[in-house]
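J.:
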Amino acid sequence: MTEFSFLDDYSEGAHPQILQQLAATNLVQQTAYGADAYSTEAAAHITAQLGPGFAGAVHFVASGTMANVVCIASCLRPHEAVISVAAGHIVTREAGAIEATGHKLITVPAEDGKITPDNIAKALAANAHFPHMARPKLIYLSNATESGTVYTLAELRAISALARQHGLLVFMDGARLGAALASQRNDMTLADIASLVDLFWIGGTKVGALLGEAIVIANPALVPDFGFHLKQRGGMLAKGRLLGIQFQALFGPEKLFTTLAVHANAMAARLGAGIVAAGGRLATATQTNQVFAILPDAVAAAVQARFAFYVWEPADAGHSLVRLVTSWATTEANVDAFLAELRAAMP
Numbered sequence: 125m126t127e128f129s130f131l132d133d134y135s136e137g138a139h140p141q142i143l144q145q146l147a148a149t150n151l152v153q154q155t156a157y158g159a160d161a162y163s164t165e166a167a168a169h170i171t172a173q174l175g176p177g178f179a180g181a182v183h184f185v186a187s188g189t190m191a192n193v194v195c196i197a198s199c200l201r202p203h204e205a206v207i208s209v210a211a212g213h214i215v216t217r218e219a220g221a222i223e224a225t226g227h228k229l230i231t232v233p234a235e236d237g238k239i240t241p242d243n244i245a246k247a248l249a250a251n252a253h254f255p256h257m258a259r260p261k262l263i264y265l266s267n268a269t270e271s272g273t274v275y276t277l278a279e280l281r282a283i284s285a286l287a288r289q290h291g292l293l294v295f296m297d298g299a300r301l302g303a304a305l306a307s308q309r310n311d312m313t314l315a316d317i318a319s320l321v322d323l324f325w326i327g328g329t330k331v332g333a334l335l336g337e338a339i340v341i342a343n344p345a346l347v348p349d350f351g352f353h354l355k356q357r358g359g360m361l362a363k364g365r366l367l368g369i370q371f372q373a374l375f376g377p378e379k380l381f382t383t384l385a386v387h388a389n390a391m392a393a394r395l396g397a398g399i400v401a402a403g404g405r406l407a408t409a410t411q412t413n414q415v416f417a418i419l420p421d422a423v424a425a426a427v428q429a430r431f432a433f434y435v436w437e438p439a440d441a442g443h444s445l446v447r448l449v450t451s452w453a454t455t456e457a458n459v460d461a462f463l464a465e466l467r468a469a470m471p
């Protein structure tokens, strides 16, 4: 058994404060299906950060795949398609969940992990032979991206402007939105995001929650029927309180959501700097809580005897790209122990 896992940011259960609130409210009876007082208060905490003109809605679901499926399927007609980078999570890591709802995925190259207006425009031009082609209708992006990079406010504004010009919807996968907002590269707020996209979700699972994600419907036109889609696809929990309580803790006065994300990013920065100091290379600058490094194959194998992490893909002769993810629970001691093992294994 390995000493510590850098495989992901949800290997632990939940932050103790969240568990305490779940336990403290355990015997308090509440209305079911998300109509409980805890979910209402959690939604109010989130809505307070979305700007004075916010006229949308907040819903809670148990998983990221559920959030992606319900959000995307809820606002597309059967002949409409999604534009995503080829490395997008819905393309590579969700077992065809979006295609299973009957919607085509149109993939484009990523630049620094991100979708760009130019590549969106090319996809629109290449998929315009109607009615013989599915009509592109929704732009999918994730922040942070699959490679740990973050969008700037200018980049999101440019994507949003193009979408509005062409009558497209914009949807942001926020599995690691906490890490993105806590990044030193970040220059946007939740209110900025709500003003520029039609739907997005805020990941709780990867920032200390036991489970759960908060879907924000920013476009008021998408609000009325969303509950039906949520129910039909199994996303409406009878004990919705379990999700509400957790987001009540994350977005309450103590700002746990931000604190835990900042900590995870700081541990990743420490890890990335230590890898370089030990003689390794970073494939990309570490912007959030994911570290992508290039290590000799023999070194990676040796370190894996004590520490779990993904060997992502071959890099060059004798070297591999590896991914290490830090979390709210990662300590400096965990990072330093990994780095000591790495230094010992380096030639």
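Residue numbers in the sequence shown follow the working numbering, run continuously in steps of one, and reach 471 at the last position.
A virtual CB, placed ideally from N, CA and C, is assigned to each residue, including glycine.
Model, not experiment: these values are computed from the prediction.
1) Quick check: the Cα distance between Glu-136 and Ala-167, rounded to an integer number of angstroms?
2) Spatial neighbours of Thr-313 within its chain, please: CB distance less than 8 Å, with the 5 preceding and 5 following residues excluded, ordered by chain position.
3) Determine, using beta-carbon pairs with one atom in the region 266 to 277 and one in the region 376 to 384, whether at least three such pairs fall under 8 Å.
4) Between the C-alpha atoms of Ala-299 and Asp-440, what's the straight-line distance to the nearest angstrom?
5) Hey, would you say His-183 sits closer than 8 Å to Ile-339, going by beta carbons?
6) Between the beta-carbon of Thr-231 and the beta-carbon of Ala-250, is there less than 8 Å?
7) Counting C-beta neighbours from all protein chains within 10 Å, is the total for Asn-458 16 or more, i.e. buried, or is it exposed?
8) Could you work out which residue in Ala-422, Leu-286, Arg-447 and Leu-292 is closest to Phe-433 when comparing CA atoms only?
9) How many Å lie between His-169 and Thr-240 at the Cα?
10) Phe-462: which of Ala-417, Gly-398, Ala-453 and Thr-410 sits nearest, CA to CA?
11) Return the CA-CA distance between Asn-192 and Ile-222, expressed in angstroms with no decimal places.
12) Specify whether the region 254 to 264 and the region 280 to 294 touch according to this definition: at least 3 beta carbon pairs, one from each stretch, less than 8 Å apart.
13) Comparing alpha-carbon positions, which option in Tyr-134, Thr-126, Leu-395 and Leu-280 lies nearest Leu-384?
14) In its own chain, which residues sit with a C-beta less than 6 Å from the C-beta of Ser-451, not counting the 5 before and 5 after it?
15) I need the boundaries of the alpha helix (DSSP H) containing Ser-284, first residue and last residue.
16) Does the pairing of the region 187 to 204 with the region 322 to 332 give three or more beta-carbon distances under 8 Å?
17) Tell me which residues share the same chain as Ala-287 and place their Cβ nearer than 6 Å to its Cβ, disregarding the 5 neighbours each side in the sequence.
18) Compare the Cα-Cα distances from Arg-365 to each of Ala-147, Phe-128 and Val-423 and report the closest residue.
19) In three-state DSSP terms, what is Gly-396?
20) Under the rule that 16 or more other beta-carbon atoms within 10 Å means buried, what is Glu-127, buried or exposed?
21) Would you list the residues sitting across from Val-182 in a DSSP beta bridge?
22) Would you tell me roughly how many angstroms separate the C-alpha atoms of Leu-335 and His-253, rounded to the nearest one?
23) On the CB-based measure, 16 or more other CB atoms within 10 Å of its CB, does Asn-150 come out buried or exposed?
24) Of all Cβ atoms in chain D, is any one closer than 8 Å to the Cβ of Leu-280?
T.: So, from the data block:
1) Whole-angstrom Cα-Cα distance: 25 Å.
2) Only Gln-173 and Leu-305 meet the Cβ criterion.
3) Segments in contact, no.
4) Taking the straight line from one Cα to the other gives about 30 Å.
5) Yes; because the gap between Cβ atoms is below 8 Å, this pair is in contact.
6) Taking the C-beta atoms as reference points, Ala-250 is found no nearer than 8 Å to Thr-231.
7) Its Cβ being crowded by 16 or more others within 10 Å, Asn-458 is buried.
8) Ranking the options by Cα distance to Phe-433, first place goes to Arg-447.
9) If I take the Cα positions, the gap works out to 32 Å.
10) Of the candidates Ala-417, Gly-398, Ala-453 and Thr-410, Gly-398 places its Cα closest to the Cα of Phe-462.
11) Put simply, the backbone Cα of Asn-192 is about 8 Å away from that of Ile-222.
12) Enough Cβ pairs lie closer than 8 Å, so yes.
13) Nearest C-alpha to Leu-384: Tyr-134.
14) Cβ contact annotation for Ser-451 (same chain, cutoff 6 Å, sequence separation greater than five): Asp-133 and Ala-388, in chain order.
15) Residues 277 to 290.
16) Cβ pair count under 8 Å is three or more, so yes.
17) Closer than 6 Å at Cβ, skipping near neighbours: Ile-263 and Val-294.
18) The shortest Cα separation from Arg-365 among Ala-147, Phe-128 and Val-423 belongs to Ala-147.
19) In this structure, Gly-396 counts as helix in the three-state DSSP scheme.
20) With fewer than 16 Cβ atoms within 10 Å of its Cβ, Glu-127 is classed as exposed.
21) According to DSSP, Val-182 bridges with Val-340.
22) In this model, Leu-335 and His-253 are separated by some 42 Å (Cα to Cα).
23) Asn-150 sits exposed, since fewer than 16 C-beta atoms from the chains shown fall within 10 Å of its C-beta.
24) As a matter of chain content, chain D is missing from the structure shown, which is built from one protein chain.
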